[in-house]
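For the sequence shown, this note's numbering begins at 43 and goes up steadily by one.
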Amino acid sequence: MEQVLTPPPIIEQFKQNGVTHVIWLPDSETNFMYELMTREEGLKIVPVCREGESMATAAGVWVGGQNPVVLIQNTGMFEA
């Protein structure tokens, strides 16, 4: 059976891969995931205003020795 991507397994993968920060552009489609991420003590949520800010912010977090992941909608990749 094909596994459907839902927030709990994604967050579990974040933990298994040592993700420390989630660089996130708030939107209504991923609000359900945001609610779950805020309950995880090991994840720091870093909201950004635009997709373009997400990559620079993640790079700074990475240079600081942490392990970030960027969470934006796929159409935002063109601006990022």
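Positions of the beta carbon are idealized from the N, C-alpha and C atoms, including for glycine.
7 Å Cβ cutoff met for residue i and residue j
i	j	result
residue 68	residue 49	no
residue 62	residue 109	yes
Residue from the options with nearest C-alpha to residue i
i	options	result
residue 101	64, 85, 82, 84	64
residue 107	114, 99, 58	99
residue 72	53, 97, 94	53
residue 66	75, 60, 59, 58	75
Pairwise C-alpha distance: residue j and residue i
i	j	result
residue 111	residue 85	10 Å
residue 92	residue 115	11 Å
residue 113	residue 82	16 Å
residue 70	residue 103	25 Å
residue 97	residue 59	19 Å
Residue i: first and last residue of the uninterrupted beta strand (DSSP E) it sits in
i	result
residue 87	86-89
residue 105	Residue 105 -> not in any beta strand (DSSP E); alpha helix (DSSP H) instead, spanning 93-105.
residue 38	Summary: the structure shown does not reach residue 38, with the chain confined to residues 43 through 122, and so no result is reported for it.
residue 78	Not the beta strand (DSSP E): residue 78 falls in the alpha helix (DSSP H), residues 73-79.
residue 65	63-66
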